[in-house]
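K.L.:
Have a look at the structure that comes next, please.
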Amino acid sequence: MTNIVNFPKKEKRSKPLPRQRVFYIGYWYVGPTLCQEVQNLYLKRKGMKNGFRYWSVITYGKYDESDTRAYSIEIEQCEENDVPDMLEAFDLGNEVTFSELADMGWRGRVMYSAPVKSIFHRCYDGLRFPDFVIPLKGPQFDG
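Under our numbering, the first residue of the sequence shown is numbered 3, with each subsequent residue one higher.
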């Protein structure tokens, strides 16, 4: 006779945070007009503090011209949900997608929404159609 043993199903674990904590996100120009310098910007994932994870934008540079070492200089810091707004402040909103942020370990919520605009006619603006419905084309609508 055979005994059948039922094992509990293995629950999937969420994707762990990557070991890498500093990610290149782009560059920006610093300085007065016609005298600008290019700075590379990096996004740094910081630790948890009071239940919130903090992120910062850093760059590497020298404090003085006579320094031999380059130090990491923190430009701005924010909470996890404010990372897209911080990237937008540095004109880097189009450089990094939400899926790339998630791969970097970002666990924030996406708070952006936009009204739905129809390309057929303005009466369709904001309407949500089921999958089987096809909107009328221009000449069909006039009838």
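The beta carbon of each residue, even a glycine, is placed where N, CA and C say it ideally should be.
1) For Pro-40, count neighbouring Cβ atoms within 10 angstroms of its own Cβ and tell me buried if that reaches 16, exposed if not.
2) Relative to the C-alpha of Cys-148, which candidate in Glu-97, Val-98, Gly-110 has its C-alpha closest?
3) For Pro-34, count the other beta carbons within 10 Å of its own beta carbon; 16 or more makes it buried, fewer makes it exposed. Which is it?
4) Where does Val-85 sit, in a helix, a strand or coil, going by DSSP?
5) Which word fits Pro-86, buried or exposed, when buried means at least 16 other C-beta atoms lie within 10 angstroms of its C-beta?
6) Ignore the nearest five residues each way along the sequence and tell me which others in Thr-186's own chain have a CB closer than 8 Å to its CB.
7) Can you check DSSP and say which residues form a bridge with Tyr-62?
8) Closer than 6 Å by C-beta to Arg-55: which residues in its own chain qualify, once you throw out the five before and the five after it? Chain order, please.
P.N.:
So, to answer that:
1) Before going further, note that residue 40 is Val rather than Pro in the sequence given. The residue in question, Val-40, is exposed, as its Cβ has fewer than 16 Cβ neighbours within 10 Å.
2) Nothing can be reported for residue 148, as the shown portion of the chain is limited to 3 through 145.
3) When all chains shown are included, Pro-34 counts as exposed.
4) helix
5) With 16 or more other Cβ atoms within 10 Å, it is buried.
6) Outside the shown range of the chain, which is 3 to 145, sits residue 186, and nothing can be said about it.
7) Ser-74
8) Glu-82
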